[in-house]
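Peer 1: Positions in the sequence shown are counted from 1; adding 226 to them yields my numbering.
Note that CB positions come from ideal geometry on N, CA and C, so glycine has one too.
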Amino acid sequence: MNNLLKFPKGFFWGAATSAHQVEGNNHNDWTEWEKANAERLAKESQSRYAHWMKNWSDIKLKAQNPKNYISGKAADHYNRFREDFDIAKSLGHNAHRFSIEWSRIEPEEGKFDEKEIEHYREVIKALRERGLEPFVTLWHWTMPVWFTNNGGFEKRENIKYFVRFCDRVVSELKSEVKFWIVLNEPNIYSGMSYIRGEWPPQKKSYLMFLRVFSNLIEAYNHVYDAIHNINPEVSVGIAQSVNYFEGWIAPVVRWFWVNRFLNRINNHLDFIGVNYYYRRLIRGFNFDAGEGQRTDMGWEIHPEGIYNALKGLSGYHKPIYITENGIADARDAKREKFIGEHLRWLARALGEGVDIRGYFHWSLLDNFEWDKGFWPRFGLVEIDYKTLERKIRPSGYVYAKIAKNNAIENDDLNKSNVL
Ligand code: BGC
Numbered sequence: 227m228n229n230l231l232k233f234p235k236g237f238f239w240g241a242a243t244s245a246h247q248v249e250g251n252n253h254n255d256w257t258e259w260e261k262a263n264a265e266r267l268a269k270e271s272q273s274r275y276a277h278w279m280k281n282w283s284d285i286k287l288k289a290q291n292p293k294n295y296i297s298g299k300a301a302d303h304y305n306r307f308r309e310d311f312d313i314a315k316s317l318g319h320n321a322h323r324f325s326i327e328w329s330r331i332e333p334e335e336g337k338f339d340e341k342e343i344e345h346y347r348e349v350i351k352a353l354r355e356r357g358l359e360p361f362v363t364l365w366h367w368t369m370p371v372w373f374t375n376n377g378g379f380e381k382r383e384n385i386k387y388f389v390r391f392c393d394r395v396v397s398e399l400k401s402e403v404k405f406w407i408v409l410n411e412p413n414i415y416s417g418m419s420y421i422r423g424e425w426p427p428q429k430k431s432y433l434m435f436l437r438v439f440s441n442l443i444e445a446y447n448h449v450y451d452a453i454h455n456i457n458p459e460v461s462v463g464i465a466q467s468v469n470y471f472e473g474w475i476a477p478v479v480r481w482f483w484v485n486r487f488l489n490r491i492n493n494h495l496d497f498i499g500v501n502y503y504y505r506r507l508i509r510g511f512n513f514d515a516g517e518g519q520r521t522d523m524g525w526e527i528h529p530e531g532i533y534n535a536l537k538g539l540s541g542y543h544k545p546i547y548i549t550e551n552g553i554a555d556a557r558d559a560k561r562e563k564f565i566g567e568h569l570r571w572l573a574r575a576l577g578e579g580v581d582i583r584g585y586f587h588w589s590l591l592d593n594f595e596w597d598k599g600f601w602p603r604f605g606l607v608e609i610d611y612k613t614l615e616r617k618i619r620p621s622g623y624v625y626a627k628i629a630k631n632n633a634i635e636n637d638d639l640n641k642s643n644v645l
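#1: In whole angstroms, what is the alpha-carbon distance linking Gly318 and Lys280?
#2: Give me the DSSP bridge partner(s) of Pro360.
#3: Could you give the distance in angstroms between the alpha-carbon of Ile296 and the alpha-carbon of Ala556?
#4: Excluding the five sequence neighbours on either side, which residues of its own chain have a C-beta within less than 8 angstroms of the C-beta of Ala314, listed in chain order?
#5: Near Ser461, what residues of its chain come up, given a Cβ to Cβ distance below 6 angstroms and the 5 sequence neighbours on each side ignored?
#6: When you compare only the Cα positions, how much space is there between Glu411 and Leu433?
#7: Using CA atoms only, rank isn't needed, just tell me which of Glu567, Ser440, Arg490, His277 is closest to Lys381.
#8: Count the other C-beta atoms from every protein chain shown that fall within 10 angstroms of the C-beta of Asp184, then say buried if there are 16 or more, exposed otherwise.
#9: What's the call for Ser431, buried or exposed, on a 16-neighbour Cβ count within 10 Å?
#10: Cα separation between Ala626 and Lys235?
#11: In chain order, what are the residue ranges of uninterrupted beta strand (DSSP E) at least 3 long that sit wholly in the stretch 537 to 601?
#12: Cβ atoms of Glu342 and Ile350: under 8 angstroms apart, would you say?
#13: Buried or exposed for Arg619, please, with buried defined as at least 16 other CB atoms from any protein chain shown within 10 angstroms of its CB.
#14: Measuring CB to CB, does Gly569 end up less than 8 angstroms from Ile527?
#15: When the distance is taken between beta carbons, is Asn384 closer than 8 angstroms to Asn376?
#16: Check whether the Cβ of Ile464 lies closer than 8 angstroms to any Cβ atom in chain D.
#17: Any idea if Glu562 is buried or exposed, counting beta-carbon neighbours within 10 angstroms, 16 or more meaning buried?
#18: If you count every other CB in all the chains shown that lies within 10 Å of the CB of Lys232, and 16 or more means buried, which is it?
#19: I believe Phe324 touches Ala352 by the beta-carbon criterion, under 8 angstroms. Please report the beta-carbon distance rounded to the nearest angstrom.
#20: Buried or exposed for Leu267, going by 16 or more other Cβ atoms inside 10 Å?
#21: DSSP puts Trp256 in a beta bridge; with which residues?
#22: With a CB to CB cut of under 6 angstroms and the five nearest residues on each side skipped, what residues in its chain are close to Glu402?
#23: I need the DSSP call for Ser467, collapsed to helix, strand or coil.
#24: Buried or exposed, going by whether 16 or more other CB atoms sit within 10 Å of the CB of Lys598?
#25: Would you say the stretch 281 to 296 touches the stretch 254 to 268, given that touching needs at least three Cβ pairs under 8 angstroms?
#26: Assuming Val580 and Ser540 form a contact by the criterion Cβ under 8 angstroms, report the distance between their Cβ atoms to the nearest whole angstrom.
#27: Going by the C-beta, is Phe600 closer than 7 angstroms to any heavy atom of the ligand BGC?
#28: Is Trp588 near the ligand BGC, in the sense that its beta carbon is under 7 angstroms from a heavy atom of that ligand?
#29: Report yes if the C-beta distance between Thr363 and Ala465 is below 8 angstroms; otherwise report no.
#30: In the DSSP assignment, the beta strand (DSSP E) including His622 goes from what residue to what residue?
#31: Return the residue from the list Ile628, Gly531, Gly577 that minimises the CA-CA distance to Phe471.
#32: When DSSP labels each residue in this structure, what does Arg506 get in the three-state scheme?
#33: Report yes if the C-beta of Ile414 is less than 7 angstroms from at least one heavy atom of the ligand BGC; otherwise report no.
#34: Cutting at 7 angstroms between CB atoms, please list the residues of its own chain near Ile628, excluding the five before and the five after it.
#35: Quick one: what's got a C-beta closer than 6 angstroms to His366's C-beta in the same chain, skipping five residues either side?
#36: Taking 7 angstroms as the line, does the beta carbon of Gln466 fall inside it for any heavy atom of the ligand BGC?
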């Protein structure tokens, strides 16, 4: 009896991070916003979370402390990346996704910092030395202060600055990187910043949202061309949020949320990166979490959603990488099952012909979760923020076994009894 579910040879197994969330000591539009909003976020936390969050008593102290909302030294990954990649290697990973912080490379308009370029060259070298294939994100939401002071992506004429930054980075690192992710989740960014008005620059304007959205499309297409001019051999794509929607108007919402951006960059797309976290049920005009178990952040755990999302993308006929999938779970009580079940549904999509080539768990390390701060714990590796000590969580070892075997045991499959 075959008791292993095998993944294709050469499948990439890894984890993902982003610069602002783990590096520490950045100076960008988010750090400015954190300083201005930490007190407010701490004050509002009770009214935002206490009424629905089952684990509110666990996180209350942290969520009510303004320091929780300052990224500060984060996981100090900027200085400890070698140690962190040693851990990733020991856990059987053969790939790693991270992002390059624009504000480090170009702290002032037009002034590029060679030292910082060298830093990322070292990061890539450290990955390669450990047998980890780098997947490099060029924009994971944070931007230099000079750029956002100048209107950021609200202005079409600013696109050229982003293209110039990407062009410079890719020219410097061209022989060392095969996979470039130009943008991370433009839909979440523009939605949170311009529709919900919760993230910097906190402007609630549908018109502005549309403008930013279409400027990001244009920026993406320009950067794609720029990268291929430098090196036609590499693969260039996007990490798109494809959280799964169900309910009466779901096909329209899915089109708006997932396909609209992809359709406009479809002829500039070597692969699709999929970030999948949860399902939302649309009831009336509300978007609710369904009846399934919840993460610490209240997101519904719905492994089948990754299968539905993947099947929904198969029509693009592009290679797919899962560029993020993970769970806020401080006690590490649900992560093992979460990983096993999502991978099994992924395997089913693979079995039905969807061209999936890798899986990056979010995240390698506990990190700074944007406006929620440090209390959500996404890491395969726990960070003690006082000592910065790293400790591999039990689920990190379970994922390691899957990565090392390039397979899931039937045990994992039987647990949730789906296939
Ligand atoms: C983002 C990450 C974030 C994760 C969990 C994704 O939307 O790309 O930066 O930490 O979700 O919320």
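Peer 2: This is what the structure holds:
#1: The count along the sequence shown starts at 1 and reaches residue 318 at position 92. The count along the sequence shown starts at 1 and reaches residue 280 at position 54. Roughly 34 angstroms between the two C-alpha positions.
#2: Position 134 of the sequence shown holds residue 360. For Pro360, which the question treats as bridged, DSSP gives the partners His322.
#3: One-based indexing of the sequence shown puts residue 296 at position 70. One-based indexing of the sequence shown puts residue 556 at position 330. Taking the straight line joining both Cα atoms gives about 19 angstroms.
#4: Here residue 314 is taken as the residue at index 88 of the sequence shown, counted from 1. Around Ala314: Gly240, Ala241, His322, Arg356, Leu358, Leu590.
#5: The residue you call residue 461 lines up with position 235 of the sequence shown. Once the five neighbours on either side are set aside, the close Cβ partners of Ser461 are Phe405, Asp496, Phe497.
#6: As a working mapping, residue 411 is identified with position 185 in the sequence shown. As a working mapping, residue 433 is identified with position 207 in the sequence shown. When rounded, the distance between both Cα atoms is 19 angstroms.
#7: Residue 381 sits at position 155 when you count from the first residue of the sequence shown. Nearest C-alpha to Lys381 among Glu567, Ser440, Arg490, His277: Ser440.
#8: Only positions 227 to 645 of the chain appear in the structure, and residue 184 is not among them; the question remains open.
#9: Your numbering for residue 431 matches position 205 in the sequence shown. Classification for Ser431: exposed.
#10: Here residue 626 refers to the residue found at position 400 when the sequence shown is read from its first residue. Here residue 235 refers to the residue found at position 9 when the sequence shown is read from its first residue. Going by the C-alpha atoms only, they are around 17 angstroms apart.
#11: 546 to 550, 582 to 588, all fully within the stretch 537 to 601.
#12: For this step, residue 350 is matched to residue 124 along the sequence shown. For this step, residue 342 is matched to residue 116 along the sequence shown. Cβ atoms of Ile350 and Glu342: not closer than 8 angstroms.
#13: On the sequence shown, residue 619 is found 393 positions in, with the first residue counted as 1. Around the beta carbon of Arg619, 16 or more other beta carbons lie within 10 angstroms, which makes this residue buried.
#14: Taking the first residue of the sequence shown as 1, we reach residue 569 at position 343. Taking the first residue of the sequence shown as 1, we reach residue 527 at position 301. It should be noted that the sequence gives Leu, not Gly, for residue 569. No; because the gap between Cβ atoms is not below 8 angstroms, this pair is not in contact.
#15: Counting from 1 along the sequence shown, the entry for residue 376 is found at position 150. Counting from 1 along the sequence shown, the entry for residue 384 is found at position 158. Yes, these two residues count as a Cβ contact at 8 angstroms.
#16: Protein chain content of the structure displayed is limited to a single chain, and chain D is not contained in it.
#17: Locating residue 562 in the sequence shown gives position 336, where the first residue counts as 1. Classification of Glu562: buried, given that the 10 Å Cβ count is 16 or more.
#18: On the sequence shown, position 6 is the one that residue 232 refers to. Exposed is the call here.
#19: Residue 324 sits at position 98 when you count from the first residue of the sequence shown. Residue 352 sits at position 126 when you count from the first residue of the sequence shown. In fact, because the Cβ distance is near 11 angstroms, the residues do not count as touching under 8 angstroms.
#20: Position 41 of the sequence shown, counted from the start, is the residue given in the question as residue 267. Buried: at least 16 other Cβ atoms inside 10 Å.
#21: By one-based count along the sequence shown, residue 256 stands at place 30. The partner list for Trp256 (beta bridge, DSSP) is empty, contrary to what the question assumes.
#22: Counting from one through the sequence shown, the residue named residue 402 turns up at place 176. Contacts found: Ile350.
#23: Your numbering for residue 467 matches position 241 in the sequence shown. Ser467 falls in the strand class under three-state DSSP.
#24: The residue you call residue 598 lines up with position 372 of the sequence shown. Looking at its Cβ environment, which holds 16 or more other Cβ atoms inside 10 Å, Lys598 is buried.
#25: A contact exists between the stretch 281 to 296 and the stretch 254 to 268.
#26: Position 354 of the sequence shown, counted from the first residue, corresponds to residue 580. Position 314 of the sequence shown, counted from the first residue, corresponds to residue 540. Between Ser540 and Val580 the Cβ distance is about 5 angstroms, and since that is below 8 angstroms, they are a contact.
#27: Here residue 600 corresponds to residue number 374 of the sequence shown, with the count starting at 1. It does not: the Cβ of Phe600 is nowhere closer than 7 angstroms to a heavy atom of the ligand BGC.
#28: Looking up residue 588 in the sequence shown gives position 362. True, at least one ligand heavy atom lies under 7 angstroms from that Cβ.
#29: Working through the sequence shown from its first residue, we reach residue 363 at position 137. Working through the sequence shown from its first residue, we reach residue 465 at position 239. Contact: yes.
#30: On the sequence shown, position 396 is the one that residue 622 refers to. One point to set straight first is that residue 622 is Gly, not His, in the sequence displayed. Counting along the chain, Gly622 falls outside any beta strand (DSSP E), though it belongs to the alpha helix (DSSP H) covering 620 to 631.
#31: In the sequence shown, counting from the first residue as 1, residue 471 sits at position 245. Taking only the C-alpha atoms, the option nearest Phe471 is Gly531.
#32: For the purposes of this step, residue 506 is taken as residue 280 along the sequence shown, with counting starting at 1. It is a strand residue.
#33: Here the question's residue 414 lines up with position 188 in the sequence shown. Yes, the beta carbon of Ile414 sits closer than 7 angstroms to at least one heavy atom of the ligand BGC.
#34: Taking the first residue of the sequence shown as position 1, residue 628 is located at position 402. If you ignore the 5 residues before and after Ile628, its C-beta comes within less than 7 angstroms of the C-beta of Leu569, Ile634, all in its own chain and listed in chain order.
#35: The sequence position of residue 366 within the sequence shown is 140, counting from 1. For His366, where only same-chain residues beyond five positions count, the Cβ hits under 6 angstroms are Ser244, Ser325, Asn410.
#36: As a position in the sequence shown, residue 466 is number 240, starting the count at 1. No - the ligand BGC has no heavy atom lying nearer than 7 angstroms to the Cβ of Gln466.
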